[in-house]
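Shown next, in structure tokens, is the structure this report addresses.
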Amino acid sequence: MENYAKLLARMKEIGHLSSAAAVLGWDQQCYMPPGGAPERAEQLALLGTLAHEKFTDESTGALLAAAEAEVALLDDGSDEKLTLRVLRRDYDQAVKIPASLVAELAKAEALGHEVWVQAREKSDFAHFAPTLEKILELSRQKAQYLGYEDHPYNALLDRYEPGATVAQVDRVFAELRGGLVELVAYIKTRPQVSDKPLRRGFPEQGQRTFAEAVIAKMGFDFDRGRQDKAVHPFCTSFGKDDVRITTRYETDWLPAALMGTIHETGHALYEQGFQEKDTNTPLGGAVSLGIHESQSRLWENIVGRSRAFWDIHYGELQLTFPGALDDVSVNDFYRAINKVEPSFIRVEADEATYCLHVMLRYEIEKRMVAGELAVADVPGAWNALMEEYLGVTPDSDANGCLQDVHWSSGLFGYFPTYALGTMLASQLYDKATGDNPQIKTDLNKGEFASLLAWLRTNVHAPGRRYLPAELVERVCGEPAQSRSYLKYLNDKFRAIYE
Ligand code: ZN
């Protein structure tokens with residue numbers, strides 16, 4: 068097992084390079100003064116290049132092949148075999164894309180971001196169109212180099228959700244879409260809920276104190292993580308023993324930081340939950356963006372927006388903001404944080420409409436990648452689908468097809484993972500509470516340890532041992548489905564909007 072050991076030592080070094088880059092990236096978003104940007108870009112580029120070169124080097128390929136020969140007789144379920152399966156996948160993909168294309172994409176994305184910012188500010192799609200054209204073309208080239216069956220989008224999707232295909236995603240999204248459109252249409256016929264109580268003044272310090280107490284109870288380990296402020300909330304990890312989350316406070320909109328913090332904590336609990344023995348190995352990481360998002364959505368929505376959660380925690384929230392919520396009952400507060408209203412902006416969308424926003428983007432980028440939709444026709448297609456799915460038409464492209472950063476960053480294939488994860492959260496929760504009914508009893512008491520323990524064992528501990536679809540099958544005994552999520556939404560929102 069000499070070559071296997073050497074290969075793992077190399078992967079550990081590459082992991083350290085990536086972690087160091089992640090620290091610099093975290094600092095850039097949380098603390099770096101603007102003047103540091105040019106130097107930081109060079110530092111990040113150097114670390115990225117070093118890691119990429121070390122990984123795609125022919126000697127890594129030779130070590131990998133030699134290690135595969137060494138473990139050939141081991142059981143397919145052994146950690147060694149599973150480790151090499153992950154590495155083989157990563158390596159084959161990484162070496163397929165020429166360095167020149169990687170560099171060209173990086174440059175187009177760096178320039179593209181600035182152009183997108185300007186275009187969104189002016190709500191001027193024509194300003195962004197040539198940039199989008201360029202990034203789309205390079206992404207299509209990337210798909211060709213990676214190779215695919217059936218649909219070029221499969222190659223791009225696979226980068227974020229290994230093994231997932233357009234055919235599978237189309238199938239579950241079709242079921243999901245029908246159910247969501249019907250639910251949203253029903254809610255529209257009901258008297259609207261008021262979210263005014265959430266728009267009163269909530270000082271930042273109180274928001275922070277309350278949210279940090281909640282996430283500590285949920286199991287976020289502050290000895291192995293911390294929280295800071297950033298313009299765009301995110302979670303990043305430098306290894307399972309140092310996981311960072313960020314949040315953004317809005318004093319006149321309580322859910323931004325509160326629910327955002329719980330969301331990022333869901334991601335962080337996953338990152339803190341990998342096994343000690345997998346540290347610095349290819350197995351000690353997240354399996355996919357969809358699985359990652361299932362964790363954040365489960366904690367944010369199913370736990371954090373539940374009636375049980377607020378029955379326990381609302382009194383403490385009222386005490387944190389003296390006077391602000393005295394006239395608001397827990398029932399009105401619960402309804403307020405669950406208000407459903409079709410709107411233009413995805414990141415502000417409620418639980419019932421969120422996935423419709425995602426499916427719309429998926430449809431559009433799938434057609435663009437296949438060459439079925441011209442860039443110039445994106446705004447029209449966007450607005451038509453908004454009307455079809457959500458019954459609203461954006462008042463501007465800034466509030467329509469220019470709202471998300473993803474396309475300017477070359478992230479084609481990323482969007483569907485948001486909806487896949489959201490859906491999966493319900494499926495996992497159903498399985499967890501079926502396996503261990505005590506979980507529900509505990510949640511009703513504001514105790515989270517039994518839920519976290521189930522997630523640790525079933526979802527976190529496996530790390531990257533299985534592809535996402537394999538993990539779902541192993542844990543749930545069936546493929547990913549929309550049934551659990553639609554039932555959860557219908558039970559919850561038909562009661563709120565009865
Ligand atoms: Zn997330």
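Numbering-wise, the sequence shown is residues 68 to 565 according to this note's numbering.
Where is the CB? At the ideal position from N, CA and C, for every residue including glycine.
7 Å or more divides the Cβ of TYR496 from the Cβ of ILE312. A residue is listed when its beta-carbon falls short of 6 Å from at least one non-hydrogen atom of the ligand ZN; in chain order these are HIS330, HIS334, GLU360, SER363. If you look at ASP558, you'll find it in the alpha helix (DSSP H) that goes 550-563. Contact between the region 472-482 and the region 216-229 is present: three or more C-beta pairs spanning the two stretches fall below 8 Å. Note that the C-beta distance between HIS218 and VAL236 is not below 7 Å.
Where LYS263 is concerned, there is no enclosing alpha helix (DSSP H), because DSSP gives it neither an H nor an E.
A Cβ-Cβ contact shorter than 7 Å links GLY357 with THR484. For SER304, there is no enclosing alpha helix (DSSP H); the residue is found in the beta strand (DSSP E) stretching over 302-304. Of the residues assessed, ARG364 falls on the buried side of the cut-off, its CB having 16 or more other CB atoms within 10 angstroms. Using a Cβ distance threshold of 7 Å, TYR555 and SER517 do not count as a contacting pair.
When the five nearest sequence neighbours on each side are left out, the beta carbons in the same chain lying within less than 7 Å of the beta carbon of LEU75 are those of THR348, in order along the chain. Under the criterion of beta carbons closer than 8 Å, LEU130 and ASN70 qualify as touching, at roughly 5 Å. Residue state for ARG311 is assigned as strand, using DSSP reduced to three classes. Under DSSP, GLN385 takes part in no beta bridge, so it has no partner. Annotation for GLN505: SER517 place their beta carbon closer than 7 Å to its own, counting only its chain and skipping 5 residues before and after. Taking 8 Å as the upper bound for CB-CB distance, ARG374 and TYR401 are in contact here, some 5 Å apart.
Listed in chain order, the non-local C-beta contacts of TYR381 below 7 Å within the same chain comprise VAL397, PHE400, local neighbours out to five positions each way being set aside. Between MET68 and GLU135, the CB-CB gap reaches or exceeds 7 Å. DSSP places ASP295 in the strand class (E or B) of the three-state scheme. Close CB contacts of LYS498 within its chain, under the 7 Å cut and outside five residues either way in sequence, are with VAL542, CYS543 (chain order).
Taking C-beta separations shorter than 8 Å and ignoring five residues to either side along the sequence, the partners of ALA437 in its chain run HIS218, PRO219, TYR220, following chain order. Inter-residue distance for PHE195 and LEU423 is about 24 Å (C-alpha atoms, whole angstroms).
Taking 7 Å as the cut-off, the beta carbon of ALA448 is found closer than this to the beta carbon of LEU440.
The criterion of a C-beta distance shorter than 7 Å is not satisfied by ASP262 and LYS121. Looking only at PRO529, LEU321, ARG238, LEU172, the smallest Cα-Cα distance to VAL153 is reached by PRO529.
Note that the C-beta distance between PRO264 and ALA416 is not below 7 Å. Proximity of the region 98-106 to the region 139-149 falls short of the contact definition, fewer than three beta-carbon pairs being nearer than 8 Å.
A check of alpha carbon separations from GLY488 across GLU271, TRP474, SER167, TRP366 identifies TRP366 as the nearest. Between the C-alpha atoms of GLY273 and ARG266 there is a straight-line separation of about 15 Å. Around the beta carbon of THR328, a 10 Å sphere encloses 16 or more other beta carbons of the protein chains shown; the residue is thus reported as buried. For the region 158-227, the full-length alpha helix (DSSP H) segments reaching 4 residues or more read 166-189, 192-213, 219-227 along the chain. Taking 8 Å as the upper bound for CB-CB distance, ALA118 and ILE81 are in contact here, some 5 Å apart. Judged by DSSP secondary structure, TRP521 falls within the alpha helix (DSSP H) whose first and last residues are 516-522.
Under the three-state reduction of DSSP output, THR460 falls in the coil class, being neither helix nor strand. Taking SER475 as the centre and dropping the five residues before and after it, the same chain places the C-beta of GLY179, HIS180, TRP183 closer than 6 Å to its C-beta, in chain order.
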